[in-house]
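Okay, structure first, notes after.
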Amino acid sequence: MSDDLKILDEVTNSEYKWGFVSNIESDNAPKGLSEDIVRFISAKKNEPEWLLAYRLKAYRHWLTLTEPTWPNVTYPSIDFQDIIYYSAPKTKPTLNSLDELDPEIKSTFDKLGISLEEQKRLANVAVDAVIDSVSVKTTFRESLGELGIIFSSFSEAVHEHPDLIKKYLGSVVPYTDNFYAALNAAVFSDGSFCYIPKGVRCPMELSTYFRINSAGTGQFERTLIVAEQGAYVSYLEGCTAPMRDENQLHAAVVEIVSHEEATVKYSTVQNWYPGDKQGKGGIFNFVTKRGICLGNRSKISWTQVETGSAITWKYPSVILKGDNSVGEFYSVAVTNNMQQADTGTKMIHIGKNTSSTIISKGISGGRSQNSYRGLVKIAKGAVKARNFSQCDSLLLGDQCGAHTFPYLEVNNKSSKVEHEATTSKVGEDQIFYCNQRGISTEDAVGLIVNGYCKEVFNKLPMEFAVEAQKLLAISLEGSVG
Amino acid sequence: MSTSILNNSSAECFMQAVDHFRELYGNHLPAQKSLQTNAAAVFTQLGIPTTKHEEWKYTSLAVLAKNNYRTVNPSHNCSLSKSDVASLALTKDTLLYVIENGKFNASASNGHALPTGITIGSLADMAGDPRVQNHLMKHADFSEESLVALNTALSFDGVVIIADAKTECATPIQIAVINNTAGEALNIPVRILVVAEKNAVFNVVETHHSFGVKSPVLVNVVSEVVIAEQARVNYIKLQDEDQNTCHVNYHKVNMARDSYQHISTLTWGGGLVRNNLNIRLDDVNCTSYLNGLTIAKDFQVIDHHTVVDHAMPNCYSNELYKGIIDGHAQGVFNGKIFVRKDAQKTNAFQSNKNVLLSDDASMNTKPQLEIFADDVKCSHGATTGQIDEEALFYLRARGIGEASARALLNHAFAADVIEQIPDENLKAVLLDRLTARLYA
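Protein chains in written order, with the numbering used here: chain A, 1 to 481; chain B, 482 to 921.
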């Protein structure tokens, strides 16, 4: 036990490694939120009238809503008038080569370990890098363009492909969906748009790196992915954020539309600043992510590794509308110190023979609270639907909490729903077994925790799997060798 | 958790009923007067929960607004006699006590050969007894449960069972709770107190029945079970009322160190049934089993809510709930397990399995674990599906007709719950009743 305590102590003492602030001159909107701010953002981005109208509708709807209080998290109430809703690097670079990139921005990426050149040359990953909301650099666009794939920032897409944006914006997550979705629809600053035409298999992993940079700036990203019939795309999202003392709000929306026989795989590694050991600072992450399997035999797969944020409130969901469609959710959520996570998924079965799989692994240490909250709903018409859910929790201390709130709603007689959940600590016998074979307790805990998460890491694309393991190591520093 | 939102028509109607009742009949339990007054105030504040309340998400009490329930008059005369209730006794030697429309019916009760050390009687008569006063209305917390508050405010009678230290009683003690109506919508509060002193061992069976003219009834039962050190209580609830009955049941168990409790809730009657089981393992080394069985058809709504609260180390709890849902019926299961910070070395398990027999049937399950201690083993599993086609084929291949084969498989599925009952006699009787119910 004393070894365990020592390790836990070290875990608790580990500080956020990637906190730093880069000095890029920001072009900020004044603090606060009003119709004028919504108009300001829209004007700043040179948006067409219909989008402004959409934003205003969302804003007016948002005014009628109140903050949700049902998640199993506690935090001081947010003053929505004390947030800057728009900030952009002052000169928007329109670059054709990396040489033109602001060296300051470039070094930010270098510190994060994503060298655009490296990625471009070696990893074959197209990166739509987002610094404080405005897309700075998009690589590989030309080669993707040859295949008809559109991969651009949201604001560019609004100008270049207004018909597509009009058709799909808000079709999966309408602005009326919830408090934060309405807020996002009113003030979203930028994000990514991805369109895979019929029958095209995207040859590379598409990736966006988010980074929250200016103090007191809310980040309101909006991502829209549309896969036409028979298309395939794997999309990566990864985040790190600099150290801040005041809480920063992040309310993103991700929408995925998967048409007949299309497959979309969405992977996230999230490592935003979780606050210090006393729970001061840190990001509030209130995200709405949802995909719809619109066509028959379509598939959407969510994989997430959540290690950061002071508060995570996130339920990537799939609406299985097409017959024989498939939804998947693989998640590792790590909380430490004072972090709180309330995360899970929703699988809404509407089409016939639809199936879904949920694998959720929670690890809590320090004084953190980690909750799984999930819904599996089988509609009456979802004949022969199938679901399997497994959510396991691992406790690494006696001051943390692990909670599960699964909801299973079955409305016909031909569907099968299975759910299982376990909660335990790292077994003393497992550690003893490792010790006997000359593996130190510290290494053993690392080994066991990594093995515990393997099922989920295996679902990540190669590059991300490496990063995910690195993140897990940092999050649980001291226990992982 | 959202606060309860008043459903105006029904809540107001019930609030008026509470005031009216207290004006009309005064207070029947003088020793509990202040608690009852508090409860009335709490109920007025909470009102009747609606489906916006998280704990009532899947079960609507809208039916309460439809009927103008009159709370039963505490001084009504009981009409049932021994011969009317004889068939209700589960076994030949059962000690049978009858509660008719909320009132203890001594003349229909049959407490032959009550072993020494066990006291059973009317709650109204015994409410002044210090042993009753210590516990009555002290365990079932009504501050957040509006229906418990309603019961507490209106309670006028019921039954008390007290087993002295070291008393053992193998003969089952049966409480038959009977709604005997004459066509009027009635609200019937029933209160049960069971106290097991140190080392006492006995079986309690609480059965529910409908007599008389079919009419809408709200039966609101609150039982408090207090189990002292090393005592063992085996408790069975058999709910078999007609489908006009709305039955809400709150069962609170408080366990002292080294104690044991086993509770089986068998629900196959009633129109709307809601069971709240709240087990608190308040000291070390407690063992608790919760089993439940739902057999629903037509438009029945059967809802089991359980809370197993591990407050102290080295306890064990196991929960098995099964449901067979047919017709347009709805099943609900919500099982919460709390493991508090001090409850290290807890083993807590929960399993919920359901079979849907019709496309109009539905099952809503919410197993829930909330764990604050690290050295624990906890798990839950939940499944909803249908009869195994291969098992059905196996039976049919051996010449068993489809209907019989299905009944056989359903019986095997449901019998699993009754098989857990630790008393052999009761187990055998209940298996027979199950067969009768399934082949009906």
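Every residue gets a Cβ at the ideal spot worked out from N, C-alpha and C, and that includes glycine.
Source: prediction; values computed, not measured.
Query raised in the report: For the alpha helix (DSSP H) that contains A:Gln430, what are its first and last residues?
Result: As a position in the first sequence, residue 430 of chain A is number 430, starting the count at 1. Taken as a continuous stretch (DSSP letters only), the alpha helix (DSSP H) holding A:Gln430 covers Glu428 to Gln436.
**Report entry** Which of helix, strand or coil DSSP assigns to B:Pro611
**Finding:** The sequence position of residue 611 of chain B within the second sequence is 130, counting from 1. In this structure, B:Pro611 counts as helix in the three-state DSSP scheme.
Report task. On the DSSP bridge assignment, give the partners of A:Val233 in chain order. Result -> Residue numbering aside, residue 233 of chain A sits at position 233 when the first sequence is read from its first letter. A:Val233 has A:Val264 as its beta-bridge partners, per DSSP.
Query raised in the report: Quick one: what's A:Met347 bridged to in DSSP?
Result: As a first step, residue 347 of chain A is located in the first sequence; it is residue number 347 there, counting from the start. Within the DSSP secondary-structure output, A:Met347 pairs in a beta bridge with A:Val318 and A:Val376.
Query raised in the report: What does A:Asn458 reach in chain B if we use C-beta pairs closer than 8 Å?
Result: By 1-based counting over the first sequence, the position of residue 458 of chain A is 458. Near A:Asn458 there are no residues of chain B at all, since even the closest Cβ is about 23 Å away, more than 8 Å.
Query raised in the report: Do the segment 860-874 of chain B and the segment 735-744 of chain B meet, that is, are 3 or more Cβ pairs less than 8 Å apart?
Result: The segment 860-874 of chain B makes no contact with the segment 735-744 of chain B, as fewer than three CB pairs between them are under 8 Å.
Query raised in the report: From this set, B:Thr748, B:Glu900, B:Ala605 and B:Met496, which residue's C-alpha is nearest B:His689's C-alpha?
Result: In the second sequence, counting from the first residue as 1, residue 689 of chain B sits at position 208. Answer by Cα proximity: B:Thr748.
Requested in this report: Name, please, each residue of chain B whose Cβ falls closer than 8 Å to the Cβ of A:Tyr407.
Outcome: Sequence index remark: in the first sequence, residue 407 of chain A carries index 407 (1-based). Against A:Tyr407, the close residues of chain B are Asn845, Thr846 and Lys847, in the order they occur along the chain (beta-carbon pairs closer than 8 Å).
**Report entry** Ranges of the beta strand (DSSP E) found wholly within the segment 540-602 of chain B, counting only runs of at least 3
**Finding:** 576-581 and 584-591
Requested in this report: Determine the burial state of B:Val694: buried for a count of at least 16 other Cβ atoms within 10 Å of its Cβ, exposed for fewer.
Outcome: For the purposes of this step, residue 694 of chain B is taken as residue 213 along the second sequence, with counting starting at 1. Per the 10 Å Cβ criterion, exposed.
Requested in this report: Write down the C-beta distance between A:His250 and A:Leu294 rounded to the nearest angstrom, noting that I regard them as a contact closer than 8 Å.
Outcome: As a working note, residue 250 of chain A is residue 250 in the first sequence. As a working note, residue 294 of chain A is residue 294 in the first sequence. Not confirmed; about 28 Å, so no contact.
Query raised in the report: How is B:Ala888 classed by DSSP in three states: helix, strand or coil?
Result: For the purposes of this step, residue 888 of chain B is identified with residue 407 of the second sequence, where counting begins at 1. Three-state DSSP puts B:Ala888 in a helix.
Query raised in the report: What is the DSSP secondary structure of A:Ala382, reduced to helix, strand or coil?
Result: Within the first sequence, numbered from 1, the residue matching residue 382 of chain A stands at position 382. Correct three-state label for A:Ala382: coil.
Query raised in the report: Where does the unbroken alpha helix (DSSP H) through A:Cys453 begin, and where does it stop?
Result: In the first sequence, counting from the first residue as 1, residue 453 of chain A sits at position 453. Element bounds for A:Cys453: Thr441 to Phe457.
Query raised in the report: By Cβ distance below 7 Å, which residues in the same chain neighbour A:Asn124 in space, the five residues on each side in sequence not counted?
Result: Along the first sequence, one-based indexing puts residue 124 of chain A at 124. The pLDDT assigned to A:Asn124 is 40, lower than 50, so where the model puts this residue is not dependable, and the model offers no usable value.
Query raised in the report: Within 9 Å (strictly less), CB to CB, does B:Asn799 reach chain A?
Result: Position 318 of the second sequence, counting from 1, holds the residue named residue 799 of chain B. No, because no Cβ of chain A sits closer than 9 Å to the Cβ of B:Asn799.
**Report entry** Spatial distance of B:His501 from B:Leu635 (CA atoms)
**Finding:** Taking the second sequence and counting its residues from 1, one reaches residue 501 of chain B at position 20. Taking the second sequence and counting its residues from 1, one reaches residue 635 of chain B at position 154. So the two alpha carbons sit approximately 11 Å from each other.
Query raised in the report: Going by the CB atoms, is the gap between B:Asp723 and B:Gly750 shorter than 9 Å?
Result: Taking the first residue of the second sequence as position 1, residue 750 of chain B is located at position 269. Taking the first residue of the second sequence as position 1, residue 723 of chain B is located at position 242. Going by C-beta atoms, B:Gly750 is nearer than 9 Å to B:Asp723.
Query raised in the report: From the beta carbon of A:Gln399, is the nearest beta carbon of chain B less than 9 Å away?
Result: By 1-based counting over the first sequence, the position of residue 399 of chain A is 399. Cβ-Cβ to chain B under 9 Å: yes for A:Gln399.
Report task. Report yes or no: do three or more beta-carbon pairs, one from the segment 558-565 of chain B and one from the segment 675-683 of chain B, lie closer than 8 Å? Result -> Judged by Cβ distances under 8 Å, the segment 558-565 of chain B makes no contact with the segment 675-683 of chain B, as fewer than three pairs qualify.
Query - B:Asp779, buried or exposed, once every other Cβ within 10 Å from all chains shown has been counted against 16 - result: In the second sequence, residue 779 of chain B corresponds to position 298, counting from 1. So B:Asp779 counts as exposed.
Query - C-beta atoms of A:Gly275 and A:Gln339 nearer than 9 Å - result: Counting from one through the first sequence, the residue named residue 275 of chain A turns up at place 275. Counting from one through the first sequence, the residue named residue 339 of chain A turns up at place 339. In this structure, A:Gln339 lies closer than 9 Å to A:Gly275 by Cβ.
Requested in this report: Tell whether a beta-carbon distance below 9 Å holds between A:Gly322 and A:Gly291.
Outcome: What you label residue 322 of chain A is simply residue 322 of the first sequence in a count that begins at 1. What you label residue 291 of chain A is simply residue 291 of the first sequence in a count that begins at 1. For A:Gly322 and A:Gly291, no; Cβs fall outside 9 Å.
Query raised in the report: So the alpha helix (DSSP H) A:Phe40 belongs to, where does it begin and stop?
Result: Position 40 of the first sequence holds residue 40 of chain A. Counting along the chain, the alpha helix (DSSP H) containing A:Phe40 begins and ends at Glu35 to Lys44.
Requested in this report: Rounded to whole angstroms, what's the CA-CA distance from A:Gln270 to A:Thr223? Just pull it up for me.
Outcome: Sequence index remark: in the first sequence, residue 270 of chain A carries index 270 (1-based). Sequence index remark: in the first sequence, residue 223 of chain A carries index 223 (1-based). Cα to Cα, A:Gln270 sits roughly 16 Å from A:Thr223.
Query - the segment 643-657 of chain B / the segment 617-628 of chain B touching (three or more Cβ pairs under 8 Å) - result: Between the segment 643-657 of chain B and the segment 617-628 of chain B, the count of Cβ pairs shorter than 8 Å is below three; the stretches do not touch.
Query raised in the report: Which parts of the segment 787-851 of chain B are runs of the beta strand (DSSP E), unbroken and 3 residues or longer, counting only runs that do not cross its ends?
Result: 797-806, 811-820 and 828-837
Report task. Answer with buried or exposed for A:Trp70, where buried requires no fewer than 16 other C-beta atoms within 10 angstroms of its C-beta. Result -> The residue labelled residue 70 of chain A in the question sits at position 70 within the first sequence. Note on A:Trp70: under 16 other CB atoms within 10 angstroms of its CB, so exposed under the neighbour-count rule.
Query raised in the report: Roughly how many angstroms separate the alpha carbons of A:Lys361 and B:Phe874, rounded to a whole number?
Result: Position 361 of the first sequence, counted from the first residue, corresponds to residue 361 of chain A. Position 393 of the second sequence, counted from the first residue, corresponds to residue 874 of chain B. If you take the alpha carbons of A:Lys361 and B:Phe874, they lie about 38 Å apart.
Query - Buried/exposed call for A:Gly199, threshold 16 Cβ in 10 Å - result: Reading the first sequence from its first residue, position 199 is the one you call residue 199 of chain A. That one is exposed.
Requested in this report: Identify each residue in the segment 849-880 of chain B for which the Cβ-Cβ distance to at least one residue of chain A is less than 8 Å, and report them in chain order.
Outcome: Gln849, Leu850, Glu851, Ile852, Phe853, Ala854, Asp855, Asp856, Val857, Lys858, Cys859, Ser860, His861, Gly862, Ala863, Thr864, Thr865, Gly866 and Gln867
Query - Residues sharing a beta bridge with A:Lys352, DSSP - result: Reading the first sequence from its first residue, position 352 is the one you call residue 352 of chain A. None, per the DSSP bridge assignment.
Query raised in the report: From B:Ile599, B:Leu545 and B:Arg738, pick the residue whose C-alpha is nearest to that of B:Glu669; which is it?
Result: For the purposes of this step, residue 669 of chain B is taken as the residue at position 188 of the second sequence. Glu is not the amino acid found at residue 669 of chain B; the sequence shown has Ile there. Taking only the C-alpha atoms, the option nearest B:Ile669 is B:Leu545.
Query - Spatially closest choice to B:Val671 from B:Asp645, B:Val682, B:Ser696 and B:Phe637, by CA coordinates - result: Sequence index remark: in the second sequence, residue 671 of chain B carries index 190 (1-based). Nearest option by C-alpha distance: B:Phe637.
Query raised in the report: Touch check for the segment 853-860 of chain B and the segment 884-904 of chain B: three-plus C-beta pairs under 8 Å?
Result: no
Query raised in the report: With contact counted as at least three CB pairs below 8 Å, one residue from each stretch, are the segment 401-420 of chain A and the segment 381-389 of chain A in contact?
Result: yes
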